[in-house]
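Q: Handing you a structure now.
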């Protein structure tokens, strides 16, 4: 192809992208003169260049578009969406002409009368002041036109020329200063000059390089890095070598070269977004919806290759959000939302990945419809449909051949939908997920690797296997073992590590990968790679840590591609192939489906700790294993050391005679002894008692209770670091229920006998809820628990009369509850987790019971 | 007569053939890195002249018993390029190249095991043995997928 032509095509394509985006921007803010001037200048440049290289059709279209723009610029014409659509239409026409030009190196036959006439009508037909026409006229007159073009457009020119004789003085001035055919003539010559200067300056510093050259550069650098690694590996085995220092230099230079080459491939993601404002605008027009597109993080850079691959999926997703996500203005108004919907596009870096979020504030995914559709299309069967959670159902939109649009529009809903997006994203080693809240909108999160080429990795060993871990997700390395500062501890069978007073969930690499490795005893020395993935922090237990290496990521074979544990493979310096672990995949196996892993941000846990605040007395004991357990001392009525031979078996388990009553015994873990002495924690419950047997009572500590790790196992509320050891905090209520299943009926009996007082406990923190409810009910009250102030209000308004309401004074929302309860005739006792707040401290069992007794004295009397 | 050239090889004393054009090279797999959690027919990955090759264990793929470790002779692999990726099909022994007439290829016997019929294009009756012509693409595909296709 002609050099001139190809240069023209590249440049014009870039200009058109800018024009597209700016037009949409301009439409939203017609008062923005700078944008309009810029658009005008770009279109004018295109027109000028077309004339210069002799492309009459293009020139004619550009000219007509420019004419209309000129009217906007001079304020002769009101900017209407219809007019902007028309200008956009001319841009589209130019694009299609350019496409033909690129393929055939000549303009297609025919003309664009239809479009041009519309543009002209728009430019002239507007009811504006008389001087409007002259502006239109002067432009073509002044613009450079080849003779060929002149002839062809004589008729039009005639029409334009007529008013052209009456030209505006300022425009005359502008045109006088413009003389060459190849020079753009913008509205403000001064500004144009500075622009040109800047362009010239830029031109000197940048050159266009073909993408192929960059690609082959990258490949060669990858190979160079590999060879360098091999050399360095060889050098390590030689003690004293003359090659040492030159090799070191080679290594350094290779690293720099690699960095530079990587940089050449990086592009801001904004370049993939350029077309989106236009797409959203057009979609909004077609669908009669009002949609704003908000873009954040355009400057986020990522590899060119990745960028290219993500472009189409993104476009598709934006279209989807316009079509399915955002509702019509009427629906939005009805739902109490602003008429204009917002689609938010956000890109940011996170741990070696780029995250792109596409969110809308629309109606959210309609789970029922997806379910029905999936059934209808045979994606799932009836049994699956009933057993799947809403989140699972929502993910069905990624299933092949699935389209939820009730009606097929020309925007989306043609059956090739999110499954194609998902496939494309996964092709480049990315993941896609979604969150949706009915009425609040849907958010898609695409996670894609920054680059596909070279990463720094930590080489770790497990058994005889070696794996590479991307360095970016590795926070630190910890050595753990019998003679080390750090030790791996167990909560139930879950491994944790106490690291700077925080509990770190651990997972063994051999467990993640299902490797058979001999355990070699619990005290074996091992390394823990502390990793952070998203907001999950965990430790990966490995046998060996070798070194870090710059590895060239080779994509996984398609045969292995579906495995989430690996992100690729690489060739090490010694020539061996090892698998690259995908931290995301590993993290998934740590987190499991429901288990909440400690949040790295720690917001929840810390907030809870701050709320529970003050010191609390805890009883430390051991039961069924080495790991200490604890429960709040305030719950325990008495500590006893009983003669185990006196325990008597019954159909419900062991009981013992205790203070003239039969006390059921239940184990907090471990066997209940039948010989010697058995330590028992006695809990009183109404007028019955229950004994919890433990192996040994260890200590009573005053400590701040910071429950960090919720373990799913029954009977355990969570774990906390107490006296420097991780300790399981037991759920007393669980054991009490276990000891006496007839508790509920006993309560009912008691109630009828004693006319129990009703107590409403409003407590949002699960720990205190679990702690206080048994205490209060054990004292003979009928306890209703509300987890949120809203729930409490609901219960209060449901007509149940409560005698006492225990409300959390630390939370503002509870004041409203207190007020409402007060109106209903209940006595409100404010509770606080702080001792010196004036409210009843939550941790003081006696003070609480005394306060309740005082508030509802008849309960005791009856 | 349209003659086709086939590379013959043996797996578990059974003869197989693939078209010469489909075979990229034949190599001795060494330094094989197993891939935990992968399907059992993936023998591992290895480095062949700077390329990462996914090795597929033909025995496991065909449901044959694994090789006895004590057998002295080193195993061999047929290198195949598919979709820009390199694969190695681990076999027991490589044989000669034979020229056979396409018209003599017989359909798979109907009672052939589903796994086998899935990867076989047909059978040649040679003088001394039967030669199963292997469909390399099917052989390289995941067995589960292929089984489903065979069942359909």
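Protein chains in written order, with the working numbering: chain G, 7 to 868; chain P, 23 to 174. Ideal Cβ placement from N, Cα and C applies to all residues, glycine included.
1) Residue 255/G versus chain P: which residues are under 7 Å apart at the beta carbon?
2) Can you grab the Cα-Cα spacing for the pair residue 366/G / residue 297/G, in whole Å?
3) Run down chain P in chain order and give the residues with a C-beta less than 7 Å from the C-beta of residue 575/G.
4) Tell me residue 637/G's beta-bridge partners as DSSP assigns them.
5) According to DSSP, what are the bridge partners of residue 69/P?
6) How should residue 285/G be labelled, buried or exposed, when 16 other C-beta atoms within 10 angstroms of its C-beta is the threshold for buried?
7) Compare the Cα-Cα distances from residue 573/G to each of 537/G, 666/G, 476/G and report the closest residue.
8) With a CB to CB cut of under 6 Å and the five nearest residues on each side skipped, what residues in its chain are close to residue 33/G?
9) Are the Cβ atoms of residue 42/P and residue 119/P separated by less than 8 Å?
10) In chain P, which residues lie with their C-beta within 8 Å of the C-beta of residue 560/G?
11) Using only the alpha-carbon positions, how far apart do residue 652/G and residue 662/G sit?
12) Does DSSP put residue 572/G in a helix, in a strand, or in coil?
13) Flag this pair as yes or no: are the beta carbons of residue 74/P and residue 64/P separated by less than 8 Å?
14) Between 221/G, 535/G, 642/G, 680/G, which has its C-alpha nearest residue 649/G's C-alpha?
15) Comparing alpha-carbon positions, which option in 35/P, 162/P, 27/P lies nearest residue 101/P?
16) So, for residue 629/G: in the same chain, excluding its five sequence neighbours on each side, which residues have a beta-carbon less than 6 Å away from its beta-carbon?
17) How far does the alpha helix (DSSP H) with residue 405/G in it extend, from its first residue to its last?
18) Do three or more CB pairs link the region 48-67 of chain G to the region 107-124 of chain G at distances below 8 Å?
19) Helix, strand or coil for residue 172/G, going by three-state DSSP, please let me know.
20) Would you tell me roughly how many angstroms separate the C-alpha atoms of residue 174/G and residue 225/G, rounded to the nearest one?
21) Pick out whichever of 86/P, 115/P, 47/P has its Cα sitting closest to the Cα of residue 135/P.
22) Roughly how far, in whole angstroms, is the beta-carbon of residue 122/P from the beta-carbon of residue 28/P, given that I think they are within contact range, below 8 Å?
23) How would you call residue 52/P, buried or exposed, if buried means at least 16 neighbouring beta carbons within 10 angstroms?
24) Only counting the same chain, and skipping five residues up and downstream in sequence, which positions put a Cβ closer than 6 Å to that of residue 495/G?
25) Take residue 38/P and list the residues in its own chain whose beta-carbon comes closer than 6 Å to its own, dropping the five residues that flank it on each side.
26) For the candidate residues 40/P, 76/P, 59/P, whose alpha-carbon lies nearest to that of residue 143/P?
27) If we define contact as Cβ-Cβ less than 8 Å, is residue 103/P a contact residue for chain G?
28) So residue 765/G packs on residue 703/G, CB below 8 Å; how close in whole Å?
29) Using a beta-carbon distance below 8 Å, is residue 583/G in contact with chain P?
30) Helix, strand or coil for residue 617/G per DSSP?
31) Please compile the residues from chain P whose C-beta is within a distance smaller than 7 Å of the C-beta of residue 571/G.
32) Quick check: what's the CA-CA separation for residue 98/P versus residue 577/G?
33) Keeping to the same chain, check which residues put their C-beta closer than 8 Å to that of residue 18/G; ignore five residues upstream and five downstream.
34) Would you kindly check if the distance between the Cβ of residue 672/G and the Cβ of residue 741/G is under 8 Å?
35) Please confirm if residue 111/P has its CB atom under 8 Å from at least one CB of chain G.
36) Please state the DSSP three-state secondary structure of residue 13/G.
A: Reading off the structure:
1) As a working mapping, residue 255/G is identified with position 249 in the first chain. Those do not exist, as residue 255/G stays about 24 Å from chain P at its closest Cβ, beyond 7 Å.
2) For the purposes of this step, residue 366/G is taken as residue 360 along the first chain, with counting starting at 1. For the purposes of this step, residue 297/G is taken as residue 291 along the first chain, with counting starting at 1. Cα-Cα distance, rounded: 10 Å.
3) The residue given as residue 575/G occupies position 569 in the first chain. Near residue 575/G (Cβ distances below 7 Å), the residues of chain P are 67, 74.
4) Working through the first chain from its first residue, we reach residue 637/G at position 631. Secondary-structure assignment with DSSP links residue 637/G through a beta bridge to 625/G.
5) For this step, residue 69/P is matched to residue 47 along the second chain. Paired residue(s): 74/P.
6) To locate residue 285/G, count along the first chain from 1; it is residue 279. A residue is called buried when at least 16 other Cβ atoms come within 10 angstroms of its Cβ; residue 285/G meets this threshold and is buried.
7) In the first chain, residue 573/G corresponds to position 567, counting from 1. Of the candidates 537/G, 666/G, 476/G, the one whose C-alpha sits nearest the C-alpha of residue 573/G is 476/G.
8) Translated into the one-based positions of the first chain, residue 33/G becomes position 27. Result list for residue 33/G: 90, in chain order.
9) On the second chain, position 20 is the one that residue 42/P refers to. On the second chain, position 97 is the one that residue 119/P refers to. Closer than 8 Å, so yes.
10) The sequence position of residue 560/G within the first chain is 554, counting from 1. Chain P residues near residue 560/G: 74.
11) To locate residue 652/G, count along the first chain from 1; it is residue 646. To locate residue 662/G, count along the first chain from 1; it is residue 656. Their backbone Cα atoms lie some 7 Å apart in a straight line.
12) Residue mapping note: residue 572/G aligns to position 566 of the first chain, counting from 1. DSSP places residue 572/G in strand when its eight states are reduced to three.
13) Taking the second chain and counting its residues from 1, one reaches residue 74/P at position 52. Taking the second chain and counting its residues from 1, one reaches residue 64/P at position 42. No, Cβ-Cβ distance for residue 74/P and residue 64/P is not below 8 Å.
14) Translated into positions along the first chain, residue 649/G becomes position 643. Of the listed residues, the one whose Cα sits closest to residue 649/G is 680/G.
15) Locating residue 101/P in the second chain gives position 79, counting from the first residue. Scanning 35/P, 162/P, 27/P for the CA closest to the CA of residue 101/P turns up 162/P.
16) The sequence position of residue 629/G within the first chain is 623, counting from 1. 635, 674, 675, 676, 700, 701, listed in sequence order.
17) The residue labelled residue 405/G in the question sits at position 399 within the first chain. Run containing residue 405/G: none; DSSP gives neither H nor E here.
18) At 8 Å Cβ cutoff, the stretches touch.
19) Position 166 of the first chain, counting from 1, holds the residue named residue 172/G. Caution is warranted here: a pLDDT of 39 is assigned to residue 172/G, below 50, making its placement in the model unreliable, and no coordinate value can be reported.
20) Numbered from its first residue, the first chain carries residue 174/G at position 168. Numbered from its first residue, the first chain carries residue 225/G at position 219. Summary for residue 174/G: the model assigns pLDDT 46, below 50, so the residue's position carries little reliability; its value from the coordinates is reported in the next sentence. Their backbone Cα atoms lie some 59 Å apart in a straight line.
21) Taking the second chain and counting its residues from 1, the one referred to as residue 135/P is at position 113. Ranked by Cα distance from residue 135/P, the options 86/P, 115/P, 47/P are led by 86/P.
22) What you label residue 122/P is simply residue 100 of the second chain in a count that begins at 1. What you label residue 28/P is simply residue 6 of the second chain in a count that begins at 1. Residue 122/P to residue 28/P, Cβ: 6 Å. Contact.
23) Residue 52/P sits at position 30 when you count from the first residue of the second chain. So residue 52/P counts as exposed.
24) Translated into the one-based positions of the first chain, residue 495/G becomes position 489. Residues of the same chain with a CB within less than 6 Å of the CB of residue 495/G, apart from the 5 flanking positions on each side, are 502, 732 in chain order.
25) To locate residue 38/P, count along the second chain from 1; it is residue 16. A distance below 6 Å between beta-carbons, with the five flanking residues on each side excluded, links residue 38/P to the following residues of its chain, in chain order: 31, 154, 156.
26) Locating residue 143/P in the second chain gives position 121, where the first residue counts as 1. With distances taken between CA atoms, residue 143/P lies nearest to 40/P out of 40/P, 76/P, 59/P.
27) The sequence position of residue 103/P within the second chain is 81, counting from 1. Not one beta carbon of chain G lies nearer than 8 Å to the beta carbon of residue 103/P.
28) Working through the first chain from its first residue, we reach residue 765/G at position 759. Working through the first chain from its first residue, we reach residue 703/G at position 697. The Cβ separation is near 31 Å, so there is no contact.
29) For the purposes of this step, residue 583/G is taken as residue 577 along the first chain, with counting starting at 1. Yes, its Cβ sits closer than 8 Å to a Cβ of chain P.
30) In the first chain, the residue the question calls residue 617/G occupies position 611. Note on residue 617/G: pLDDT 40, under 50, position unreliable in the model; the coordinate value appears next. In the structure shown, the three-state DSSP call for residue 617/G is helix.
31) Residue mapping note: residue 571/G aligns to position 565 of the first chain, counting from 1. Simply 59.
32) Within the second chain, numbered from 1, the residue matching residue 98/P stands at position 76. Within the first chain, numbered from 1, the residue matching residue 577/G stands at position 571. Rounded to the nearest angstrom, the two C-alpha atoms are 21 Å apart.
33) If you number the first chain from 1, residue 18/G lands on position 12. If we look at residue 18/G and ignore the five residues flanking it on each side, its Cβ neighbours are 52, 55, 100, 104.
34) Walking along the first chain from the start, residue 741/G turns up at place 735. Walking along the first chain from the start, residue 672/G turns up at place 666. Between residue 741/G and residue 672/G, the CB-CB gap stays under 8 Å.
35) Against the second chain, residue 111/P aligns to sequence position 89. No, no contact with chain G.
36) Reading the first chain from its first residue, position 7 is the one you call residue 13/G. Under the three-state reduction of DSSP output, residue 13/G falls in the helix class.
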